Amino acid sequence: IAFNRDLGYWHCDLTQVQQLALTDDVVEFMALRLHKLPEETQEMLKLAACIGNQFDLETLAIVSELDPIKVADSLWQALQEGLILPLGQTYKFFHQRDREDKVGAEEILISYKFLHDRVQQAAYSLIPEVQKQVTHYRIGKRLLAHVSPAQQEEKIFDIVNQINIGLKEITEIRERQQLLELNFRAGQKAKIATAYDAAKLYFQIAIELLPDHLDYTEENIGDRAFELHFVLAEVQLMTVDFEGLETSIALLLALARSAINRARIYVLKVNQYALQGAYPEAIEAGLTGLQELEIQVNPENVKLLVEEDTQFIAKRLENQDLDGLLNLPEATDPKVKVAIELLMKLLSAAYISSNRELYGFTVVRSVRLSMEYGNIPKSIITYASYGEWLALFQHDYQRAMQFGQLALQLSYKLDNKSERSSACFILGGCIYGKAKPIQGAAEVNYEGFLAGLESGELQYAGYNLFANIYNRLFGGENLVEISTDLEKFWAIADKIHNDLTLRIFEACRFSIEKFSGGTDKESSEELAWVERHSTAQSDLPLGLYSILQMQAACLYGDFESGCHYGVQASKFLMVCESCTIALGYYYYGSLNLLGRDADLSEDARQQIEANQVQLNTLAQSCPENFLHKYWLVEAEKARLSRQLTEAIELYDRAIAGAKENEYIQEEALANELAAKFYLDWGKEKIAGAYITDAYYCYARWGAKAKTDQLERIYPQLLAPMLQQPYLQLNNDLTITSTIAQTAGSSSSKSDFLLDWATAVKASQSLSSEMHLDKLVSALMRATMENAGADGGILLLRQPDGWQIAARYSNKDGQDDWDLCWKEVSEELEIPMRIINKVKRSKEAIIVNNFSRNLQFAGDLYLQQEQPLSFLCAPILNQGKLIGILYLENHLAIGAFTSDRVELLSMLCSQAAISLENARLYKQSQDYAEQSQDYAQKLEQSLEDLQQAQLQLVQSEKMSALGSLVAGVAHEINNPVAFIAGNIDPARDYLKDLFGLLDLYQQEYPEPSEVIEEEIEAIDLEFLREDLPQLIASMQEGTDRIGHISTSLRTFSRTDKEYTVPFNLHEGIDSTILILKHRLKANDERPAIKIVKEYRELPQVQCFPGQLNQVFMNLIANAIDALEESNQGRRFEEIANQIRITTSAAKEDAIIQIADNGTGMPEEVRERIFEQGFTTKAVGKGTGLGMAIAYQIITEKHGGTLTCSSELGQGTEFILTLPIGSLSIQ
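The UniProt record's numbering applies: residue 1 is where the sequence shown begins, and numbers increase by one.
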């Protein structure tokens, strides 16, 4: 900036100013500006800079030991200069000129921030270097002295960070000990928040604060030193700081005074070696740790130990269900806790190293310890591992599933995400697929990955990732989607240094690449990987790799290589057979042996039979995952033995089973093998149909390399598909002709073939539909998905003429489906000119640019709708016109390409057949109905009438009660909302009035005599004390009414046509609230006591309104029974009680409602759910309530409702409801 004397004004070069702002001297520049501020402002900014970029007035007042108003005044100049900025508008309260308005200002929270980090640095630079540590130390000490214990925990990081900077200023032992404890607390808090790097720093500082002369002879100091080094080692393990961990473990071994502490150290060592993939070292460390706990395990005695523990567990489970294990007390013996933790850490190393005996011991001993001494967090993986052990050695897959789910439930009960991660891996990756359809397993593993990541359990977080991938490969998910997620998961596994996960990812990637676009031969990278891991003895990755290669060889028809990989896989089967993907060993092993078409050796026959025994066992547990596999192997056996008829049936069973359960890759394989079977038999036409289906399935799976192979091997069978001719169309823009192209390169048609495969699937859906309305709906949806249209109309010929059967539009992004079945009433409803032309010519019309079309420009419908493109196609059956399909697109010109039109033609051809079949089916149904016997009609009518009566009573009763309750809740809500909404403003007004009154008394301390008399008359002091309490009681009352209103709305909620998630406890509580007036005491009896024993229940998929009706009937009946039992008894003798118990078992929710009345005889109990049966007096009961309840539970929800009663002992109703979603008819 310089003064220009010639021009007479100052000149500023903005470019140079901007360059100056970017130099390293900006801090010095800002410091010069700060020096121009008042001294007190500079001092306040120095303290603020020590606190951080953001600071609040309260903290600054504490560290400066000044009044907040004084502090605010000191900051005012910096605020005006723009060096600091206020966060919010409350700062203005402190910077008004009038101090008299600042009553209670100290209670207002005001925050500021520096304009820029460089401003903070400049303020900090004003503190002399020798004084910085002292300043921070004083700030920390003042914060520590002025905050309450509760605030101290909240501000622990702020306090500790300040004092740590001034650490050298502390010389007194007492102060160093205090700071050590503060750093330990801060480290623990950071560790819980998964801020592991910060936690590591706090623990390291705490260790530095231990006395220099420490020789650890004093027990309390030695124990504290051990705990500090131990928590530091835990954090080092979580941050994969193996070098620091080694140092910490060496120190810990020197510090450990007890066997338990030494065993804890070996837990860390086992965990470290497992993460590094050094499993022999992990086993050695684990056995050493067990010896410290007096558990002697060696190869000579391990089998005996397993037998003893197994017998103990079996005996305990004879008298205890799994819910009992869930509710075991917490173990308190520290030796037991460490033993279970060490056994579970040792387990994975033993399993991966194929040490089956040691693996079994770690499982059964940890379960036994939990049963004997109680549960701890490590009991979660204990129960999950026992489930895995049951699946491996006893093949009791459903029991294994129960233990896996028990482990997951316990993880939620204990709220332990770390152990949840391990339980999810075992449940999802090792058990789930053997007991339930595989489709849910990957979700369990992803939940486990998230839990592991959030809790710092990085080992099992990685394991869950590779289980997620191999479960999806096993289930036949699209290879492209799996590959995309594999790359994402790879980056995560690499970041957390989980070597085992990375190795298995590589094995999976090799398999995916072979199918999705690579070659069926090993690449040089793959061969190097095998050699490297063979040298390192990485059994689990090598085992899974070999089994995946068995699958690849089988699908490519290289059965010799498949048998070779089977031999390799058998070497590693012991270590990997628990994994879901390893079950392919039995399936593909048999198919490879059978596929060689050579005479089977006796060893091969025995191997196939052993494999089939295993597949049959699995199929009995979970037919959805394994029955079609078993059938395909049986089909190949029948083919080889020339049992042709049996082979035909078995191939079709295998194909149908794979399709039904969405195993697309196995549906493809079964179709391909069936095609080979028919080719060998000379049935080329049939083989063509099967190989075409195989092609489509492989394409949908994403196996492009496999579809390329099929094109090379079976060009003659696939020719009808690959050389499809296009249809002849009446088109106003293009010359229509039949385009008969040869296949060209398969890659150029891959997108079309995928669309074609989708259309084939839609066509198959049409062919399986017999009901006309459903067929019409399916046809419209299929055409919309495949034809590129956003609107459409379907017309069908009926005996009385043409009718609009359905129409679809998508206006403003909203789908509008309408099955209308009506005659055309006006020309604006349909494009009449186009429809009439198609009726006459029976040829399709396509217009790809309506704005240039003159032939149909006068059509009123088209003038109104203004589509950019449209198509109108006839639906012909044996040359007879039975329907017309009109489609339009409002967004694109040229929407109806030749490819799409051909797909549409295929759909129309299938639709013509299906429509005719549906018509004949309906006709036959009509004839069948007309021929029914009159007596049968009468019987049916009577049954329908009874059901209608039941439904009507239920509907009317719930509707009336629901309307009443909802109305009451609504009427309550309005005035209560008005009152509640005015309470806070009333408080504010009251505060303002009292403030004004205080100000008035301060300014006019001697009021007139009249005012004094009035103050005394209204008792002002009492009024000031009582009025806030009065408003608080009003607030409490409105909250209570709001709670009641919420319960009323819960009870009166209206059911939808589908099930929704519902909290059963809320439903029961709302019912009790409705019946509360009947539970209260009266002249004849005391109040009926409700005892609620609620256990944790997930939300249940149900019809909430109907369940509320059931609860109402059961509880009301219980009240009636109790009142009846009170007759003839004295008031003081009566102790009525209704006990409501809830629990979860397997996949059901259980509700038990019991009373302590007189019970009922057996003949009454047997008829309790019978419609019209009642034991109540005339006019008091209809005999419908229990029948309705029974119908709601059993028919509507697929549950059970049972009654148990004994005279003199009371009555109990037990409801079971499936927790998951239902298919309600």
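Idealized CB from N, CA, C, for every residue including glycine.
Just so we're clear, the structure is a prediction, and the values are computed from it rather than from any experiment.
- L527 sits away from H533, with the two beta carbons spaced by 8 Å or more.
- With contacts defined by Cβ atoms closer than 8 Å, I1153 and A1118 form a contacting pair.
- Around the beta carbon of I1018, fewer than 16 other beta carbons lie within 10 angstroms, which makes this residue exposed.
- Inter-segment contact for the region 663-672 and the region 476-483 is present: three or more beta-carbon pairs are separated by less than 8 Å.
- Of L83, K335 and Q402, the smallest CA-CA separation from S370 is found for K335.
- Within the model, the alpha-carbon separation for S353 versus M574 is close to 9 Å.
- K683 carries a coil assignment under DSSP once its states are collapsed to helix, strand and coil.
- Taking a contact to require three or more Cβ pairs closer than 8 Å, the region 1077-1097 and the region 1119-1139 qualify as touching.
- Looking at Y470, A980 and I1115, the one whose alpha-carbon comes closest to that of T580 is Y470.
- Here the C-alpha atom of Y808 lies approximately 15 Å from the C-alpha atom of L828.
- At a Cβ-Cβ threshold of 8 Å, Y432 and G440 count as neighbours.
- Excluding the 5 residues flanking it on each side, E330 has same chain C-beta neighbours closer than 8 Å at G374, N375 and I376, in chain order.
- Contact between the region 903-913 and the region 856-870 is not established, with fewer than three Cβ pairs separated by less than 8 Å.
- A residue is called buried when at least 16 other Cβ atoms come within 10 angstroms of its Cβ; Y266 meets this threshold and is buried.
- When the beta-carbon positions are compared, A654 and A675 stay at least 8 Å from each other.
- The C-alpha of Q276 is placed about 24 Å away from the C-alpha of E292.
- DSSP lists F1062 as the bridge partner or partners of V1100.
- Here the C-alpha atom of A400 lies approximately 8 Å from the C-alpha atom of W389.
- Taken through DSSP and simplified to helix, strand or coil, T1211 comes out as strand.
- Within the model, the alpha-carbon separation for Q568 versus S546 is close to 6 Å.
- Rounded to the nearest angstrom, the gap between the Cα atoms of L915 and W821 is 15 Å.
- Taking C-beta atoms under 8 Å as the contact rule, A911 and I875 qualify, at a distance of about 6 Å.
- Contact check between the region 492-506 and the region 676-683: fewer than three CB pairs, one atom from each, fall below 8 Å, which does not count as touching.
- When C-beta atoms of the region 1110-1124 are compared with those of the region 1063-1079, three or more pairs fall below 8 Å, so the two segments count as touching.
- Bounds of the beta strand (DSSP E) holding V847 are I845 to V847.
- By the Cβ criterion, the region 446-458 is in contact with the region 411-428, since at least three pairs of Cβ atoms, one from each stretch, lie closer than 8 Å.
- DSSP, read as helix, strand or coil, puts L871 in strand.
- For E577, same chain residues with a beta-carbon under 6 Å away, outside a window of 5 residues either side, do not exist.
- Distance from I139 to C50 at the Cβ level is roughly 6 Å; contact confirmed, criterion being Cβ atoms closer than 8 Å.
- In this structure E1012 is exposed. Its beta-carbon is surrounded by fewer than 16 other beta-carbon atoms within 10 angstroms.
- When secondary structure is reduced to three states using DSSP, K345 falls in the helix class.
- Taking 8 Å as the cut-off, the beta carbon of R472 is found closer than this to the beta carbon of A442.
- Here I804 is not near I835, since their CB atoms are 8 Å or more apart.
- For Q1171, the secondary structure class from DSSP, reduced to helix, strand or coil, is coil.
- Bounds of the alpha helix (DSSP H) holding F184 are I173 to I192.
- Counting along the chain, F3 sits inside the beta strand (DSSP E) bounded by residues A2 to N4.
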